[in-house]
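Since the structure comes first, as structure tokens, the remarks are kept for the end.
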Amino acid sequence: MAKQTVELAPSESKLVTFEAIPHEARTYYVSVDGLTGGFKAMVPIPPPWAVTIDAFEI
2 MAKQTVELAP SESKLVTFEA IPHEARTYYV SVDGLTGGFK AMVPIPPPWA
52 VTIDAFEI
């Protein structure tokens, strides 16, 4: 679990980012000081495959 402590003065704001690398496709939930949210990790879409068949007359 990632953890970072940030101290702010009154009326101050700061952007805090974390990188998450999920290892399985599912919904992950996060909580920050009582605020909650989540994100859904999905299986990557495989690239499209193109097959071309040329017919030659002999």
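The sequence shown begins at 2 in our numbering and counts up by one.
All C-beta atoms in this analysis are idealised placements derived from N, C-alpha and C, irrespective of residue type, glycine included.
Residue of the options minimising C-alpha distance to residue i
i	options	result
F40	P11, P49, A26, E58	A26
T18	H24, S12, V31, A10	V31
A3	E20, P11, S12	E20
Neighbourhood of residue i by C-beta, 7 Å cutoff - its chain only, sequence neighbours within 5 removed
i	result
K15	V7, L9
Spatial neighbours of residue i in its chain, beta-carbon cut-off 8 Å, leaving aside the 5 residues before and after
i	result
V44	A26
Contacting residues, own chain, Cβ-Cβ under 6 Å from residue i (five flanking each side not counted)
i	result
D34	none
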